[in-house]
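Protein sequence lines, in the order shown, are assigned to chains A and B.
Per our numbering: the first sequence ends with 683, consecutive numbering throughout.
Per our numbering: the second sequence ends with 1683, consecutive numbering throughout.
The beta-carbon is built from N, C-alpha and C at its ideal position, and this holds for glycine as well.
See structure below.
Protein chains: 2
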Amino acid sequence: MGRAPANPPEDEQPPTLRRHGPTDRRVIQPVRRFKPGDAVVRVTRPKYAGFQRRGAGRIEASLTLEEPRSPWGRLWRVLVGTPIHSELEIEERLTKKKALAVFSSDALSSVAYAPQETLVVLLAAGTAALVWSLPISIAVVLLLAIVVFSYRQTIYAYPSGGGSYIVAHDNLGERPGLVASAVDQLVSAVPTLLPLRVELGVAAVALVTLANLRGIRESGSIFAAPTYLFLLAMLSTIGLGLFRLATGTLYIPPPAEIPSPVEPFTIFLLLRAFAVGSAVMTGTEAISNGIPAFKPPESRNASQTLVGMACILAAMFLGLSVLITGAGIVPHANETVISLLAHGVFGDSALYYVVQASTVLILVLAANTAYADFPRLASLLARDEYLPKQLAFRGERLAFSNGILILGVLSALLIAVFGGSTGALLPLYAVAVFAAFTLSQAGMVVHWRKVRGSGWRLKAVINGIGAAATGLVSLIAASTNFMNRELPIVAGLPIGWGSWLVLLIVPAFIWLFRSIKAHYVDAEKDTALVLTSSDGVPERPLRNVVVVPIARLNRPAVQALRYAQALSSDVTAVHVATDPKRAADIEAAWPTWGRGVPLTIVESPYRSLTRPLLQYLAELRRNEAAETVTVVLPEYVPDTWWQHLLHGQSAQFLKLSLLFTPGFVVTSVPVHPVDDDVEQALA
Amino acid sequence: MGRAPANPPEDEQPPTLRRHGPTDRRVIQPVRRFKPGDAVVRVTRPKYAGFQRRGAGRIEASLTLEEPRSPWGRLWRVLVGTPIHSELEIEERLTKKKALAVFSSDALSSVAYAPQETLVVLLAAGTAALVWSLPISIAVVLLLAIVVFSYRQTIYAYPSGGGSYIVAHDNLGERPGLVASAVDQLVSAVPTLLPLRVELGVAAVALVTLANLRGIRESGSIFAAPTYLFLLAMLSTIGLGLFRLATGTLYIPPPAEIPSPVEPFTIFLLLRAFAVGSAVMTGTEAISNGIPAFKPPESRNASQTLVGMACILAAMFLGLSVLITGAGIVPHANETVISLLAHGVFGDSALYYVVQASTVLILVLAANTAYADFPRLASLLARDEYLPKQLAFRGERLAFSNGILILGVLSALLIAVFGGSTGALLPLYAVAVFAAFTLSQAGMVVHWRKVRGSGWRLKAVINGIGAAATGLVSLIAASTNFMNRELPIVAGLPIGWGSWLVLLIVPAFIWLFRSIKAHYVDAEKDTALVLTSSDGVPERPLRNVVVVPIARLNRPAVQALRYAQALSSDVTAVHVATDPKRAADIEAAWPTWGRGVPLTIVESPYRSLTRPLLQYLAELRRNEAAETVTVVLPEYVPDTWWQHLLHGQSAQFLKLSLLFTPGFVVTSVPVHPVDDDVEQALA
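In structure tokens form, the structure reads like this:
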């Protein structure tokens, strides 16, 4: 550059040698003395309190470090529990029994309303149409069988989690994968809305969120009792009901007033009733996403749980339909079908109330399945950089705690917005569920064609049937509920809720996923390490110049100077002089306190601080041919926040300005009001 | 400490020598070549663009650095003007003519309403009481004469600003000084409230704030025209009015309906009317605070301005009172006295409208006097550490811009809260004005007793009379308006606005002043430099250990390592491992990219980042016997704010935690998305 600085860089140093890390250094302790002159010492390693040594250059943090230190911390500890060691992850897995409780609560809860909703749809064409509820149930159970059969293959083929996102992404490409993920996430948020009032819904969400933060195993334990209670209650009701039906002792009174038909009986009506009834199939997708949550052998346990769940659902669904048709149940305006049935079977005995209470409980807990699905799916997307990486973080109980918290907040918001009304989001729900199935099964067909192996053709055919069936149901669900003008989005407008919203929501999700991914890819490219041809050649050390801006010459300033001198032998100080008198004072005291550091006075006759300083630093960097300029700022840290206001904010402005200017590094040297003890300890 | 680290501190260095600062270094430039082998060079100093050299180690920032760089900056420049060089301060001083405009607008505006308010008070005792308006005016003018005579002495005795705060603080002690300051600041905020509606009031405040940000001289120029127009209009009205009164051609119609008396005529009523009339005296205090704003000779100019203002006020006040009494004016409900008078004198001619317009204008500009007083007083208090130091800052136009902005905001808030209603705060106003006078004049009496000098007894007597008279008026104002139950503070409660509020507000101000002072004193003690006995002995250099926390091994991390190596030869790196796989990856790549720095893996089996890291750093500091641990954090600076959310916030938590822990210094090494050009420039 045609210039030779008077002070050549002095911080050039020989390439550092391989050295011991601080935990591996030797500590020499005097042990005892037999005679004067003896020096018996023990050579040990330094003690790092709160850590265990795990080999050279490796220590492990103990649980003691995680002890809560504030009242809020202690409350959190009570609510969420003691942190769990990462290596105990396997202990946190689900047994089949608990897995059934976790993954089936959503599907089971649909038994409590899906038959009723089917009847209500049919009733629009008159009571004669109600006999169709049995054929519809048979169709639903058939579909369930196809889906389960198809998904069993997926579970074995993708043992580390074969949700529709993974399978579609792997076999059909990025966009189908993201579509599958978007619809699946939609499904996770919706079921919590189903048949609850706002306060009850929000309370349930809070409860379920908290339980899930305690870890999946514990949430399984918590939710097992109510789930199995509901199962028992329903199977008893159905069993005893069928017995009474057979013996002719079942009587269920029709409603006082039977509404007259409002629409003709069409195939379209039948299909709508079928779409409503098929809400029973959600848990399937959740199980295939959650295979890693099962105890080993994961795939076998997951597959058995899936089949078990399907059998129970099929039994309950068919049983209920036989009872409904056999007893000629007509839905009432103010009593649910389950309640009517339980009344008919148990009369007004205590058992009736057990059935009712367990039904309410299962509806409250229906949200839990989403917590087994959404956070895990979000963590997969975060791993693939389609969502913020924080979502892949496992909290103190090994649960995906960020995902759980976000699902909790989203669900509570949706409940608050929709007032817990069942109808508005159901169309989205059915379309989303079956779209995810279709993509997953279609992906499996491609998978078998790629992988081949023994009997691949049969497997491909099975998944193909699954894809075709669920694809058909997707279309049925989408077309029968394309737009419901009776549920306007904005009161007065002719635009109603309906499955058409999927066409808005899914592209929005995909745009979001891809934007996030694009940023991560850019950032990775920006920060990637590339081996260049100069590799191996010892690299030129970084030319760094250290500057200490001095606002007033006090203890923080002198400490900053002393600190700066520990960083570099090429330290200069600068004072931006807005007040000539203060500048003169600093200059006069400099020989005493300046520690031999050259001081430059930058007169600022227009009384601004930041701009002359920034310009000076930029010019200094250029003139000194420095790669970086380190700005060492003395920072007095007051005791309380309001006292910050009494000290100038120029340091903060400076920091912010320099953060966005390449080539500058800002170091604050905090000086605390009372650190006499610390200083004495080190003196 | 009974231990010897394997790597002894290597940053010990010889005491640095006295060196040239960066602006004084020599730059050697090749100039020309006559023959091969010649090396003719020129030795110059480095060029610092945007600065002028002002001697050894001293440069001056040019105006070019202050050029606005954003649209907002350009707008601000247009509104406020080009910055003014500190050395041109003397050019920014006020001539007597402009000073009269600046300091008298408040007092002059009182002419527009004080006579009317006096009449309204008197009218309560019936129209017969109105004749007392002339004696009251004479009393007010007498009081004005005493105050002015007394203040003239203060102005000469305290040529650098002899407001009541300075004089009382200097002679009566801290508390009386702070009381004087508190009441003076109260006065500054109140007058803007007087007779304006909310929108007009806020607009006027904004206008006057902006004008004052352009500097006091320019605000004087801006406000001179309307002030002198009002003066001319009033003097013409009064002069012609007196002529017409003498010639018997002045007729002012009484109101259609004369209200009947509501209270008896008492000395108390008279005193209340007097207290209302004495609002005329505000400018006096403002001038004595603002002596340094006058061109030299400051004291003489200030004193002459004060006397000139007093004469004009006296003439107008007495003239108005003669006219009111002579023409028997009775105040109307919907026409001001000034308007009645102007109608009577000028009929419905254009001149009438000139009088009316100039009156509205002077009322809008009345706030301006406070801007000449409050920011300067606040700067004195800030200098003495009773208010935040930022208030002593002079902005680009040499005005106390922070004080001006705060006054603007406070005034606008008060107008918004009180809805621009005249009555509520007037009692506070009168008490505060006269309390400040009293404290100032009492202080002067003590001053003369201390200083003595020729004729000191006479001077003390004059100030004593001033103190006694203004003290009496303070008492009158306080007692006659102690509480007005017709203006309840909260509707329905029997507590009304009144001078008693001073007893709350002033102690609150003093508490605030003293708290601020106490903090500054503490901070100063904490940060004071004390010469110790070890002084002169070369101080032990600071033992600093540099640690680089590595989250992932990428370019920012390697840059941070390279930077850290420029700071110290004792650099170690640490990775808090929440994911064993990532830790293994980093360990595997370390020999290639780790630059020879020892890496410690801190396994965090409970997956928390901050706590294990903080504990490790604390233990490292203890084991290495380091005075400071410098934590060098790689920081990737994304392009947009939302991208920050996609990167972990652990670095921010860490910074905040370490800021409050003594012995740690945090350095962020910013890595920017695109700094290829910069890197190439330095390669």
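Short of 7 Å in beta carbon distance, which residues of its chain neighbour residue i, apart from the five on each side in sequence? Order them along the chain.
{"i": "Leu428 (chain A)", "result": "Leu186, Val190, Ser499, Leu501 and Val502"}
{"i": "Arg214 (chain A)", "result": "Val80, Gly81 and Arg397"}
{"i": "Ile1287 (chain B)", "result": "Phe1103, Ala1302, Thr1305 and Leu1306"}
{"i": "Ser1668 (chain B)", "result": "Leu1633 and Glu1635"}
{"i": "Phe1230 (chain B)", "result": "Leu1108, Ser1358, Thr1359, Leu1361 and Ile1362"}
{"i": "Arg1383 (chain B)", "result": "Ala1392"}
Could you tell me which chain B residues have their CB closer than 9 Å to the CB of residue i, listed as they occur along the chain?
{"i": "Phe660 (chain A)", "result": "Val1637, Pro1670 and His1672"}
{"i": "Gly290 (chain A)", "result": "Those do not exist, as Gly290 (chain A) stays about 20 Å from chain B at its closest Cβ, beyond 9 Å."}
{"i": "Val666 (chain A)", "result": "Thr1667, Ser1668 and Pro1670"}
{"i": "Ala49 (chain A)", "result": "Gln1615, Ala1618, Glu1619 and Arg1622"}
Which same chain residues, not among the five before or five after residue i, have their C-beta less than 6 Å away from its C-beta?
{"i": "Leu1172 (chain B)", "result": "Gly1443"}
{"i": "Val665 (chain A)", "result": "Thr628 and Thr630"}
{"i": "Tyr238 (chain A)", "result": "It should be pointed out that residue 238 (chain A) corresponds to Ile in this sequence rather than to Tyr. For Ile238 (chain A), where only same-chain residues beyond five positions count, the Cβ hits under 6 Å are Gly319."}
{"i": "His1020 (chain B)", "result": "none"}
{"i": "Val576 (chain A)", "result": "Val602, Ser604, Leu609, Pro612 and Leu613"}
{"i": "Ala1432 (chain B)", "result": "Val1183, Leu1186 and Val1187"}
{"i": "Pro68 (chain A)", "result": "Arg74 and Arg77"}
Would residue i pass as a contact of residue j if the rule is Cβ separation under 8 Å?
{"i": "Val1147 (chain B)", "j": "Phe1437 (chain B)", "result": "yes"}
{"i": "Ala273 (chain A)", "j": "Thr470 (chain A)", "result": "no"}
{"i": "Ser608 (chain A)", "j": "Glu1066 (chain B)", "result": "yes"}
{"i": "Val597 (chain A)", "j": "Val632 (chain A)", "result": "no"}
{"i": "Gly1271 (chain B)", "j": "Ile1476 (chain B)", "result": "Reading off the sequence, residue 1271 (chain B) comes out as Leu, not Gly. Going by C-beta atoms, Leu1271 (chain B) is nearer than 8 Å to Ile1476 (chain B)."}
{"i": "Asn554 (chain A)", "j": "Glu627 (chain A)", "result": "no"}
{"i": "Val167 (chain A)", "j": "Ala435 (chain A)", "result": "no"}
{"i": "Ile1252 (chain B)", "j": "Leu1341 (chain B)", "result": "yes"}
{"i": "Asn1368 (chain B)", "j": "Val1208 (chain B)", "result": "yes"}
{"i": "Gly1057 (chain B)", "j": "Leu599 (chain A)", "result": "yes"}
{"i": "Ser1219 (chain B)", "j": "Asn1212 (chain B)", "result": "yes"}
{"i": "Pro331 (chain A)", "j": "Gln153 (chain A)", "result": "no"}
{"i": "Ser105 (chain A)", "j": "Asn463 (chain A)", "result": "no"}
Whose C-beta lies closer than 8 Å to the C-beta of residue i among residues of the same chain, with five residues either side of it excluded?
{"i": "Pro494 (chain A)", "result": "Arg485 and Pro488"}
{"i": "Arg582 (chain A)", "result": "Arg552"}
{"i": "Glu263 (chain A)", "result": "Ala124, Ala125 and Leu269"}
{"i": "Val1131 (chain B)", "result": "Thr1325"}
Would you mind telling me which residues of chain B sit closer than 7 Å to residue i, beta carbon to beta carbon, in chain order?
{"i": "Leu620 (chain A)", "result": "Pro1022"}
{"i": "Pro598 (chain A)", "result": "Arg1019, His1020, Gly1021 and Gly1057"}
{"i": "Arg562 (chain A)", "result": "Leu1542"}
Going along chain A in order, which residues have a C-beta closer than 7 Å to the C-beta of residue i?
{"i": "Ile1601 (chain B)", "result": "Gly57 and Arg58"}
{"i": "Arg1611 (chain B)", "result": "Leu65 and Glu66"}
{"i": "Asn1554 (chain B)", "result": "Thr527, Ala528 and Leu529"}
What residues of chain A sit near residue i, judged by a beta carbon separation below 8 Å?
{"i": "Val1558 (chain B)", "result": "Leu529"}
Give me the chain A residues within the contact set of residue i, using Cβ-Cβ distance strictly less than 9 Å, ordered along the chain.
{"i": "Val1629 (chain B)", "result": "The premise fails here: Val1629 (chain B) is roughly 11 Å from chain A at the closest Cβ pair, so nothing lies under 9 Å."}
{"i": "Phe1379 (chain B)", "result": "It should be pointed out that residue 1379 (chain B) corresponds to Ser in this sequence rather than to Phe. The premise fails here: Ser1379 (chain B) is roughly 12 Å from chain A at the closest Cβ pair, so nothing lies under 9 Å."}
What does residue i reach in chain B if we use C-beta pairs closer than 8 Å?
{"i": "Ile516 (chain A)", "result": "Leu1646"}
{"i": "Glu174 (chain A)", "result": "Under the 8 Å cutoff, chain B gives no residues; its nearest Cβ is about 19 Å from Glu174 (chain A)."}
Sequence ranges, beta strand (DSSP E) only - wholly within the region 1564-1634 of chain B, length at least 3: 1571-1577 and 1599-1603
Runs of alpha helix (DSSP H) wholly within the region 1368-1436 of chain B (minimum 4 residues, chain order): 1368-1383 and 1401-1418
Three or more C-beta pairs below 8 Å linking the region 1154-1168 of chain B and the region 1357-1369 of chain B: no
Contact between the region 1133-1144 of chain B and the region 1407-1421 of chain B (3+ Cβ pairs under 8 Å): no
The region 1588-1597 of chain B in contact with the region 1558-1568 of chain B per 3-pair CB rule at 8 Å: yes
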